[in-house]
């Protein structure tokens with residue numbers, strides 16, 4: 028095992044142990060929290076290392092880049108039953124490719140994209156897992172639907188037979204002190220509960236929130252998927 032492999036393996040082991048400790052402290056089942064390795068800008072070899080260390084979910088934010096990397100390691104993905112999640116801003120002209128590459132589109136933030144996914148799903152006789160992205164901090168620099176428009180989007184998506192809405196996705200505001208993000212995570216959990224009552228025919232059980240610096244707080248507040256990039260792979264490589 029070279030140094031790069033050792034670093035990634037040790038990082039994943041640390042995170043998994045930390046997840047277990049937080050779940051024990053909060054009374055949660057450790058299996059209720061899933062670790063997503065966010066591999067954007069990272070080479071395919073690093074993804075393989077993470078998968079062989081136990082990662083079952085991989086997230087990418089650029090459709091073309093993901094397509095190229097995942098094609099290289101397709102046998103490994105299939106052997107280990109890895110699920111691929113799109114976590115970037117999806118452009119309408121990339122919808123078809125995204126549906127071919129990913130198992131889940133986690134960032135639906137507007138009706139236009141939901142319709143486009145439905146059209147392609149219907150044409151290809153495919154049902155795609157999806158999540159709704161909320162701009163929980165109302166930040167101009169971030170994508171996501173406002174919480175006030177959320178129910179309308181989900182009500183429309185409920186009529187789309189080729190979409191399977193699984194839950195909510197958010198990138199809260201960044202704070203040096205992870206504790207400062209807690210109110211935004213609490214708001215996400217309350218929105219989820221409200222939506223589960225309003226739309227009982229959807230399970231809406233997934234809550235994707237929490238990243239390398241704040242995933243501990245996110246788990247305490249009910250996250251079911253934490254998205255960790257630098258905490259696993261280290262600093263991102265610059266795209267050329």
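Residue numbers (the numbering used here): 28 to 267.
Using N, Cα and C, we set each Cβ at its ideal position, and we do this for glycine too.
Computed from a prediction, not measured in an experiment: that's the story for all the values here.
Bridge partner(s) assigned by DSSP for residue i
i, result
"residue 113", "87, 132"
"residue 235", "196, 252"
"residue 104", "Bridge partners of residue 104: none, in fact."
"residue 190", "155"
Cβ pair residue i, residue j closer than 7 Å
i, j, result
"residue 200", "residue 164", "yes"
"residue 236", "residue 225", "no"
"residue 196", "residue 160", "yes"
"residue 198", "residue 169", "yes"
"residue 42", "residue 61", "no"
"residue 53", "residue 247", "yes"
"residue 232", "residue 194", "yes"
Backbone CA spacing between residue i and residue j [nearest angstrom]
i, j, result
"residue 262", "residue 77", "15 Å"
"residue 167", "residue 212", "19 Å"
"residue 153", "residue 123", "11 Å"
"residue 221", "residue 66", "32 Å"
"residue 258", "residue 240", "8 Å"
"residue 190", "residue 130", "12 Å"
"residue 46", "residue 217", "22 Å"
"residue 64", "residue 101", "16 Å"
"residue 187", "residue 93", "26 Å"
"residue 183", "residue 156", "16 Å"
"residue 174", "residue 243", "24 Å"
"residue 80", "residue 172", "35 Å"
"residue 71", "residue 110", "15 Å"
"residue 14", "residue 144", "Nothing about residue 14 can be reported from this structure: the residues present for the chain run from 28 to 267 only."
"residue 112", "residue 50", "24 Å"
Reduced DSSP secondary structure (H/G/I, E/B, other) of residue i
i, result
"residue 198", "coil"
"residue 63", "strand"
"residue 283", "Any property of residue 283 remains undetermined from this structure, which presents the chain solely from 28 to 267."
"residue 229", "coil"
"residue 240", "coil"
"residue 56", "coil"
"residue 261", "coil"
"residue 68", "coil"
"residue 81", "coil"
"residue 118", "coil"
"residue 37", "helix"
"residue 98", "helix"
"residue 28", "coil"
"residue 137", "coil"
Chain B contact for residue i (CB, 7 Å cutoff)
i, result
"residue 37", "Annotation note: the requested chain B is absent from the structure, which comprises a single protein chain."
If we require 4 or more residues per run, which alpha helix (DSSP H) segments fall completely within the region 151-185? 177-184
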